[in-house]
Amino acid sequence: MNKIKELFNIEYPIVQGGMIWASGWKLASAVSNAGGLGLIGSGSMYPDVLKEHIQKCKKATNKPFGVNIPMLYPNLDEIIKIIIDEGVKIVFTSAGNPKTYTNFLKSHGITVVHVVSSLKFALKAQDAGVDAIVAEGFEAGGHNGRDETTTLALIPMVKEKIEIPLIAAGGIATGTAMYAVMALGADAVQVGSRFVASDEASSHINFKQMVVDAKEGDTHLTLKELAPVRMLKNKFYQDVAKLYAKGPSVDELQELLGRARAKRGMFEGDLDEGELEIGQVSGLIHNIKPAAMIVEDMINEFRTTKNKMNTLSI
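Take the position in the sequence shown, starting the count at 1, then add 2; the result is the number in our numbering.
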């Protein structure tokens, strides 16, 4: 039995990333109904909005789903209270110390998974008592690690040292990539960018189309002094690059970033001034389609790849 399927009671070892401005109840419930694990991305939600999304997700699916909590955001105590009160049984934490809430969440019967970008933090998360780890490579979109370790290198390094289930993330949008990281030791995959370009994602259609149109090299990891983020190279990115050429201070970078850049780009569709967070794998995403079809296509391609590899000789 697959460890992640057993842990979450799901049909397929595919987790949908809890991405800000893209992962609302419609996407989470669609992925869960398709046999994966859908996640609501609480990072872009006020507590009352999160509560509404959880309640709508419960009505839209009778399958397991979870909530992703970026721990660098405010209102954490209120958000966690809502999660407990609403009976959510799976929580993914990221961008913070897993010791802060893991024991508290687990004392309420919640399965806790923590997202890391390095072996060092994977070991810290395991010591904190989490039930599983997402190891996310440098290819991933949005906020990322500073070490720039790619998924291909990160997964076997983490697998070698941890004992709990491992979920691979970063650069995974196909069944072939899913097979590859599971061959390296992952028990499941977390998929973000591919689900941004889905019918049910709450991201703006302008952003979805820009993801589909993206080519190799159209994303870059920047703003490491604030919080490393991989984004598409639009006008805002070029403004950041011009500022870097002058050797800016952290305050100058923060001033340029301002507030609500991600909302402006990904949710409101401002392709010039918005922060358009997406992974390198956007160069392999060529269409917008239903989340259930994305899951189905990945599983079918995984099985085809597995059969192909079984016949391969060297």
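In this text, a Cβ means the ideal position worked out from N, Cα and C, and glycines have one as well.
Among residues of its own chain, excluding the 5 on either side of Met159, which ones have a beta-carbon nearer than 7 Å to its beta-carbon?
Around Met159: Leu121.
Would you kindly work out how many angstroms separate the C-alpha atoms of Pro72 and Ile316, rounded to a whole number?
Going from the Cα of Pro72 to the Cα of Ile316 covers about 44 Å.
How about Ala216 and His145: do their beta carbons lie closer than 8 Å?
In this structure, His145 does not lie closer than 8 Å to Ala216 by Cβ.
Exposed or buried, Ala262, counting other C-beta atoms within 10 Å across all chains shown (16 or more means buried)?
Classification of Ala262: exposed, given that the 10 Å Cβ count is below 16.
Return the residue from the list Glu303, Ser31, Glu13 that minimises the CA-CA distance to Ala179.
Selected option, being the one with the closest Cα: Glu303.
Excluding sequence positions up to five away, which residues of its chain have a Cβ less than 7 Å from the Cβ of Lys101?
Correct list, in chain order: Ala130.
Below 8 Å on the Cβ atoms is my guess for Phe94 versus Val117; work out the distance and round it to an integer in Å.
So it is a contact: roughly 6 Å between Cβ atoms.
Could you check whether Gln18 and Gly40 sit closer than 8 Å to each other, using their CB atoms as the reference points?
Cβ atoms of Gly40 and Gln18: closer than 8 Å.
How would you write the range of the beta strand (DSSP E) that Gly219 sits in, first residue to last?
That residue, Gly219, is in no beta strand (DSSP E); it is neither H nor E in DSSP.
Please go through the segment 86–170 and give each complete beta strand (DSSP E) segment of 3 or more residues, from N-terminal end onward.
Runs found: 92–96, 113–118, 134–138.
Based on Cα-Cα distance, which residue from Ile42, Met233, Ala137 lies nearest to Gly285?
For the residues Ile42, Met233, Ala137, the minimum Cα distance to Gly285 belongs to Met233.
I'd like to know whether the C-beta atoms of Phe197 and Leu29 end up nearer to each other than 8 Å.
Against a cut-off of 8 Å, the Cβ pair of Leu29 and Phe197 comes out as a contact.
Verify whether the separation of the beta carbon atoms of Gly267 and Glu277 is less than 8 Å.
In this structure, Glu277 lies closer than 8 Å to Gly267 by Cβ.
Determine whether the beta carbon atoms of Ile168 and Asp201 lie at a separation below 8 Å.
First, the amino acid is wrong: residue 168 is Leu here, not Ile. It is not a contact, given that the beta carbons lie outside the stated cut-off.
According to the Cβ coordinates, are Val114 and Leu107 closer than 8 Å?
A contact, by the Cβ cut-off of 8 Å.
Are Phe140 and Gly172 touching if we call contact CB-CB under 8 Å?
Yes. Within cutoff.
Looking at the ligand NAD, does it come within less than 7 Å of Arg232, judged from the CB to the closest heavy atom?
Ligands are entirely absent from the displayed structure, and the ligand NAD is therefore not among its contents.
What do you get for Asn64, buried or exposed, if any count of 16 or more other CB atoms within 10 angstroms of its CB means buried?
Its Cβ having fewer than 16 others within 10 Å, Asn64 is exposed.
If you check the beta carbons only, do Ile290 and Ser195 fall under 8 Å apart?
For Ile290 and Ser195, no; Cβs fall outside 8 Å.
Is it the case that the Cβ atoms of Ile86 and Ser44 are separated by a distance below 8 Å?
No.
Between which two residues does the alpha helix (DSSP H) harbouring Ile207 extend?
It spans 207–215 - the alpha helix (DSSP H) in which Ile207 sits, taken as one unbroken run.
Rounded C-beta distance between Gly26 and His55? I'm assuming under 8 Å.
Yes, Gly26 and His55 are in contact; Cβ-Cβ is about 6 Å, under 8 Å.
Taking its Cβ as the centre, do 16 or more other Cβ atoms sit within 10 Å of Ser46, making it buried, or is it exposed?
The residue in question, Ser46, is buried, as its Cβ has 16 or more Cβ neighbours within 10 Å.
Looking only at its chain, what residues have a beta carbon closer than 6 Å to the beta carbon of Phe67, apart from the 5 residues adjacent to it on each side?
Counting only Cβ-Cβ distances below 6 Å, and skipping sequence neighbours, we find Ala30, Ser34, Gly40, Cys59.
State the DSSP-derived secondary structure class of Gly271, mapped to helix, strand or coil.
Three-state result, Gly271: coil.
What are the residues that DSSP puts in a beta bridge with Asn70?
Paired residue(s): Gly43, Phe94.
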